[in-house]
Amino acid sequence: MAARFGRETWSLLVPHGWRAWHDDECATLVGPGEIGALQISAAFKDSEIVDADLREFAAKHLKTGAKPRPTEAGDFVGFEIAFRDEESLWRQWYLRNGRQVLVVSRQVRK
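In the working numbering, the protein residues as written are 11 to 120.
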């Protein structure tokens, strides 16, 4: 059975067999076989987060050709991108809801 994991302003269900924990910088989830990780960072702004804020967070990857695709996750909206580097395949979600931004990164080693 999946367990609920998260903070006061966001949460998700962790599938059976996955491990999840919080540290000072982010929340991390690791699946069976430990071939990769899902990390979630959250931040707040004094004003409402807008799409331009999300693009600023993702600027490095957008400048190198990552193509954003609109996405939604519960109450959050934004975009996702996918790219690769020498060691890993990456998928990142840049999400906003009110004054909060979530940056979710999924890394899978090649």
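Note that CB positions come from ideal geometry on N, CA and C, so glycine has one too.
Here the structure is a predicted model, which is why all the values come from computation and not from measurement.
Which residues in the same chain as LEU64 place their Cβ atom closer than 8 Å to its Cβ, once the five residues preceding and following it in sequence are excluded? For LEU64, where only same-chain residues beyond five positions count, the Cβ hits under 8 Å are GLY88, PHE89, TYR104, LEU105, ARG106 and VAL111.
Would you mind giving the Cβ-Cβ distance between ARG119 and ILE45, rounded to the nearest angstrom? I have them listed as a contact below 8 Å. Yes, ARG119 and ILE45 are in contact; Cβ-Cβ is about 6 Å, under 8 Å.
Pull up the DSSP beta-bridge partners for THR38, would you. According to DSSP, THR38 bridges with TRP31 and GLN49.
Any idea if LEU23 is buried or exposed, counting beta-carbon neighbours within 10 angstroms, 16 or more meaning buried? By the neighbour-count criterion, in which a residue is buried when 16 or more other Cβ atoms sit within 10 angstroms of its Cβ, LEU23 is exposed.
Roughly how many angstroms lie between the CA atoms of SER51 and GLY108, to the nearest whole one? About 16 Å.
How many angstroms separate the CA atom of SER10 from the CA atom of PHE86? Residue numbering for the chain in the displayed model covers 11 to 120; residue 10 lies beyond these limits and cannot be assessed.
Given this structure, state the Cα-to-Cα distance separating ARG116 from LYS55, to the nearest angstrom. Approximately 24 Å, taken between the alpha carbons.
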